[in-house]
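One structure is given here, and the rest of the page talks about it.
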Amino acid sequence: MKIRSILIAAAAMTAMAGAASAQVASDAEQATADVKVNFVTPLAIENVQSSALDFGSLIRTGTSAATIQVTAAGQRGTTTGVTPVAAVPVSAARFAVTGTPGESFSIEAEVEDLPAGLSVTPILQNTSLTLDQSGEVEFPVGGTLTVANGTTIAGAQTGTLYVTVSYQ
Amino acid sequence: MRRAIILGLAGLAFVACGAQAAVSASGMAPVRVNFQDAVGIQIGNGMTLPAVSVAPVRAGGVAIGAAASSTIARSRISAGNAQLTIRGQPGDVVSTTVPESFTVVRSGGQETLTVKTNTSAEYQIGSGDAVLGDTAMSVDIGGSLALATAQNLVPGPYEGMLVVVVQYN
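Chains A and B, in that order, are what the protein sequence lines are. The opening residue of the first sequence carries number 1 in our numbering; numbering runs sequentially from there. The opening residue of the second sequence carries number 1001 in our numbering; numbering runs sequentially from there.
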């Protein structure tokens, strides 16, 4: 029994020595690299107070092409081919974004679901923004509405403005 | 050791891919525009008064003219009200003003006659605002002519301008 224990201990020492030998041999290949990871709060976006990109009321005579602009500041911009009704206000849509403070994000916008002959090119003051210390920031979206030549259209028309924000 | 580094890179790549799905968010807002018809007044018909021939009346061998009450009126052309169409949006409030009378002048002369106007009360013309129930409202304006006495009645065509003012409130 005792002899067996001694043999086992000797075998273990041999194995340890072997492992130490292998460790010494691998030191020449060792390299290090920093591993970094940045955990961010997922971005969230919401329409502020159900705001709309509203081009107001327009008087159009004939079927010639027309353009109507609402600036990102929510003001009536360049208008051709139609006569805006001054008494009816216009507005830009407004969105609030929350996420990790100090992080920047890009903004993309597009308008869909408009009737044939109408198209809207969104107007952004900035295509990227940085979240403030509270992790919040708001931005408006204006647009240029184009009425294609030959389009016969009347009454109230609607579409949908889609905005996507992404961490940069 | 190389194998461990490769596994480490794969792990980082996995973390990056996992984060990518959460770095975007989308929102939406309505887009609105309202196209209105042009507002304004369209003249359908002008006011046409009937042609009147005045038959002379002999009294004591002297031909005299006749006052309006004793004339023989014959319509050689169709008479008709002035008809206007006021265009706007449903619900628009308009105020229409029609003069109580207007003057017509003989063509090639300076003689004048006065035409008194009359309109239907339903349009509240001159007395207040009217609300357009549809996109257009038709207004008829009639007139009556008080012929002058024979001394002042000079035959010939008379023309004048009936000015109607429509204010969109």
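In this text, a Cβ means the ideal position worked out from N, Cα and C, and glycines have one as well.
### Query
Excluding five sequence neighbours on each side, which residues of the same chain lie with their C-beta closer than 6 Å to the C-beta of glutamine 69 (chain A)?
Gly77, Thr78, Thr144
### Query
Across which residues does DSSP place isoleucine 153 (chain A) in a beta bridge pair?
Answer by DSSP bridge pairing: none, since isoleucine 153 (chain A) is not bridged.
### Query
Which term fits aspartate 1129 (chain B), buried or exposed, when burial requires 16 or more other beta carbons within 10 angstroms of its beta carbon?
exposed
### Query
When you compare only the Cα positions, how much space is there between valine 1094 (chain B) and threonine 63 (chain A)?
27 Å
#### Entry: Residue nearest to glycine 142 (chain A) in terms of C-alpha spacing, selected from A:Pro101, A:Ala52, A:Asn38
A:Ala52
### Task
In angstroms with no decimal places, state the Cα-to-Cα distance between serine 1144 (chain B) and glycine 117 (chain A).
51 Å
### Within chain A, partners of methionine 1028 (chain B) - CB distance below 8 Å
Asn47, Thr160, Leu161, Tyr162, Val163
### Which residues DSSP lists as bridging valine 85 (chain A), in chain order
None, per the DSSP bridge assignment.
### Task
Measure the alpha-carbon distance for proline 1099 (chain B) versus valine 48 (chain A) and round it to whole angstroms.
52 Å
### Message
In this structure, how does DSSP classify glutamine 1167 (chain B) when only helix, strand and coil are distinguished?
### Response
strand
### Query
Where does glutamate 46 (chain A) sit, in a helix, a strand or coil, going by DSSP?
strand
### Query
Relative to chain B, which residues along the stretch 53-83 of chain A have a C-beta separation below 9 Å, given in chain order?
Leu53, Asp54, Phe55, Gly56, Ser57, Leu58, Ile59, Arg60, Thr61, Ile68, Val82, Thr83
### Query
Nearest CA to the CA of glutamine 1036 (chain B): which residue from A:Thr71, A:Ala66, A:Ser57, A:Ala96?
A:Ser57
### Message
For the beta strand (DSSP E) containing arginine 1032 (chain B), name the first residue and the last one.
### Response
1024-1036
### Query
So which of A:Asn38, A:Pro89, A:Pro140, A:Thr67 has the shortest CA-CA distance to valine 82 (chain A)?
A:Thr67
### Task
Starting from threonine 63 (chain A), trace the beta strand (DSSP E) both ways and give me its first and last residue.
Counting along the chain, threonine 63 (chain A) falls outside any beta strand (DSSP E), and DSSP gives it neither H nor E.
### Query
Along chain B, which residues have their Cβ under 9 Å away from the Cβ of glutamine 157 (chain A)?
Val1031, Arg1032, Val1033, Asn1034, Phe1035
### Task
Just tell me which of A:Val35, A:Phe55, A:Phe95 has its CA closest to the CA of leucine 124 (chain A).
A:Phe95
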